[in-house]
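Single-structure report; data block below.
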Amino acid sequence: MSVLTENFTLANGAVIPKLGFGTWQTPNEVAPQAVREAVELGYTHIDTARAYQNEQGVGEGLRSTGIARDAVFITTKIPAEFKSYDQAKKSIETSLKELGESRIDLLLIHAPRPWAQMADTTAPRYFEENRAVWQAMEEAVDRGEVASIGVSNFQIDDLTNITDHCRIAPVANQIRFHVGYTQSDVVEYCAAHDILIEAYSPIGTGRLLKREDLIAMAATYEVSVAQLCIRYALQKGCLPLPKSTHRTYIEQNTHVDFEINATDMATLDALVIAD
Ligand code: A2P
């Protein structure tokens, strides 16, 4: 069975295709073709964000395929810098307009803090502000503009800040997750609370491709390092979002129907690759 026909079921019962097409760093003018090719090759799940500045191109690409709206799953995100109810509400309106859609399948808070403060451990935590953003997202669900809501780049205390107060629970946390960078504390917390982990940068934004150890292991399965990394995320129960603008890569990344054996999984689990 191809991963392209498999799904995860979110905690709210919604179905989400197991492999998503990442579009971070895909320019708006390139997005229509990349998305069109992805859909032609069988992807039915596209991940974008206001911050990627390519929602318009993603929407255009989807429409150009003629795929039925209900046959495709679209995720977008509220910018990390928008930390008020009003900004979040406006952001949702803008996303719908840019995408040219009347519904977003999954809407995420892009990060718990503005990007400029993400690496600063002494920065304010924006707990109250994230709850205000969440309220705007819940109301978008009530209006039928958004089907499911979640977060991105959230650590455990960022998550409990939402789950302790929310009316609608987050169903997903999209985090950087790849071989050598697995954030096991937040992954375990999410597994225990039925929050799906979506893995962005599953190939380490391409940095893993040149590693000799991964090249050698991939060869034993007759796959590429990219395929090994995508398969690793799947076997860890995560939803990988590989990004590419090249048709051969976009296609190759869908061929991940092999099994990494337990010994190799243990080897991969033990790797630590910070950068
Ligand atoms: P490109 O965008 O030029 O097609 P990640 O998904 O971890 O962010 O990694 C994305 C990077 O990995 C991009 O530079 C992308 O190249 C590259 N990439 C994606 N899939 C493959 C593949 N199958 N083989 C080689 N490089 C790939």
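Per our numbering, residue 94 is the first one in the sequence shown, and the count goes up by one each step.
Glycine included, each C-beta is placed from N, C-alpha and C at the ideal position.
From a predicted model like this one, the values you see are computed outputs, not experimental measurements.
Taking 9 Å as the cut-off, the Cβ atoms of Ile202 and Ser245 count as close. For Asn147, the CB contacts under 7 Å within the same chain, skipping 5 residues up- and downstream, are Thr116, Thr119, Pro120, Asn121, Ala124 and Thr141 in chain order. Scanning Ser277, Tyr293 and Lys183 for the CA closest to the CA of Ala204 turns up Tyr293. The ligand A2P has a heavy atom closer than 8 Å to the beta-carbon of Ile296.
DSSP, reduced to helix, strand and coil, places Lys336 within a strand of the structure shown. The three-state reading of DSSP puts Gly297 in helix, counting H, G and I together.
Between Val132 and Val349, the beta carbon gap of about 18 Å keeps them out of contact (Cβ cut-off 8 Å). When the Cα atoms are used, Thr215 and Ala284 turn out to be separated by approximately 28 Å. At a cut-off of 8 Å, the beta-carbon of Thr338 counts as near the ligand A2P: some heavy atom of the ligand is closer than that. Comparing alpha carbon positions, the residue from Leu103, Asn105, Ile109 and Phe114 closest to His339 is Phe114. If you keep only unbroken beta strand (DSSP E) runs of at least 3 residues inside the segment 193 to 271, you get 197 to 202, 239 to 245 and 265 to 269. For Tyr178, the secondary structure class from DSSP, reduced to helix, strand or coil, is helix. Its chain contains Asp350 as the residues whose beta carbon lies nearer than 8 Å to that of Met94, once the 5 sequence neighbours on both sides are disregarded; these appear in chain order.
A distance criterion of 8 Å places the beta-carbon of Asn346 in contact range of the ligand A2P, judged by its closest non-hydrogen atom.
Annotation: Asn266 to Glu194 spans about 23 Å, alpha carbon to alpha carbon.
Secondary structure at Leu97: helix, using DSSP grouped into helix, strand and coil. Here DSSP, grouped into helix, strand and coil, assigns Leu112 to coil. The continuous stretches of alpha helix (DSSP H) do not include Ile160, and DSSP gives it neither H nor E. Around the CB of Asn254, 16 or more other CB atoms lie within 10 Å, so the residue is classed as buried. Ranked by Cα distance from His258, the options Leu289, Glu291 and Asn223 are led by Asn223. By the CB criterion at 9 Å, Thr168 and Leu199 fall inside the cutoff. Thr313: member of the alpha helix (DSSP H) spanning Glu305 to Thr313, first to last residue. Under the three-state reduction of DSSP, Tyr136 is assigned to coil, being neither helix nor strand. DSSP, read as helix, strand or coil, puts Thr141 in coil. Taking the CA atoms as reference points, Ala311 sits about 27 Å from Asp278. In the DSSP assignment, the residues bridged to Leu289 are Ala265. Here Thr102 carries a strand assignment [DSSP, helix/strand/coil]. The straight-line gap separating the alpha-carbon atoms of Gln276 and Asp163 is approximately 33 Å.
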